[in-house]
Amino acid sequence: MVVIIMGVSGAGKTTVGRTLAAELGWRFIDADDLHPRSNVMKMAAGAPLTDEDRAPWLRKLRDEVARALAQGEDVVMAFSGLKQAYRTLLEELDPAHVRWVFLHAPHEVLARRMSQRQGHFMPASLLESQMAAMELPSRALSVDVTPPPADIVKHIRDELGV
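Counting from 1 along the sequence shown, just add 14 to a position and that's the residue number in the working numbering.
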C-alpha cells in the first residue's frame, strides 16, 4: 500500500508522514527531496512553480510509487498534491492500493508553522499561492492537523486500518 500524505506547506506532511512510516515500519518518501535543484531555487526565491516546472518532479514521484507498488513495498509519501491532475498521475497506477490523507488547518496555523520552520526552502510567502492552487480532494481522508502529531497519526491509522 502507498499512503500519500498531502496538503499545503506547513500542514505537517513530513512530520506526520515520518511518524506514520516509523510506527508502521514502512519506507518514507518526502517528495520535497525529489525536486530538481532548479525548482528548489525558484521556490526559495519566492516564486511559485508552474505545471511545466513540476512535470519532471511528478514523473519522479510516479516512478517511485510505481516501483513500490510493483515490488509490493508499503510506503508513506509526503506530497503536496495541490491539483487533482497531479494526484491522478499517482493514483491511476493502482487506485485500490494508493490511499490519500489530506492534512488541513486554518490559514493562521499554517502561516505560523511556516514562519517557525528553519532550513526549509519554501518561504511562508508562498502559502497564498499554494492555497489558491489547492483543489480539494474528493477521495481522501480529511484530517485537521491542529491536534498533536501523535493524535493525528493514531486517527489516520484507525481510519485506514493500518
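For glycine and all other residues, C-beta sits at the position ideal for the given N, C-alpha and C.
> Taking C-alpha atoms, which residue in 93, 40, 168, 77 lies nearest to residue 148?
Replying inline: 93
> So, helix, strand or coil for residue 121, using DSSP?
Replying inline: helix
> Apart from the five residues just before and just after residue 160, which ones in its own chain have a Cβ nearer than 8 Å to its Cβ?
Replying inline: 119, 120, 123
> How would you write the range of the beta strand (DSSP E) that residue 148 sits in, first residue to last?
Replying inline: No beta strand (DSSP E) contains residue 148, which DSSP labels as neither H nor E.
> Which word fits residue 52, buried or exposed, when buried means at least 16 other C-beta atoms lie within 10 angstroms of its C-beta?
Replying inline: exposed
> In three-state DSSP terms, what is residue 15?
Replying inline: coil
> Is the beta carbon of residue 15 less than 9 Å from the beta carbon of residue 89?
Replying inline: yes
> Of all the beta strand (DSSP E) runs that stay within the bounds of the stretch 56–115, which reach a length of 3 or more residues?
Replying inline: 89–92
>> Which residue marks the beginning of the beta strand (DSSP E) containing residue 22, and which one marks its end?
In response: Residue 22 -> no beta strand (DSSP E), and no H or E assigned at all.
> Identify the residues that DSSP records as bridge partners of residue 156: which are they?
Replying inline: 116
> Rounded to the nearest angstrom, how far is the Cβ of residue 113 from that of residue 34, given a contact under 8 Å?
Replying inline: 11 Å between Cβ atoms; not a contact.
> Which residues does DSSP pair with residue 44 in a beta bridge?
Replying inline: 92
>> Taking its Cβ as the centre, do 16 or more other Cβ atoms sit within 10 Å of residue 31, making it buried, or is it exposed?
In response: buried
> How should residue 66 be labelled, buried or exposed, when 16 other C-beta atoms within 10 angstroms of its C-beta is the threshold for buried?
Replying inline: Under this definition residue 66 is an exposed residue.
> Does the beta-carbon distance from residue 72 to residue 100 come in below 9 Å?
Replying inline: If you check the CB distance, residue 72 and residue 100 come in under 9 Å.
>> For residue 162, count the other beta carbons within 10 Å of its own beta carbon; 16 or more makes it buried, fewer makes it exposed. Which is it?
In response: Exposed, because fewer than 16 other Cβ atoms sit within 10 Å of the Cβ of residue 162.
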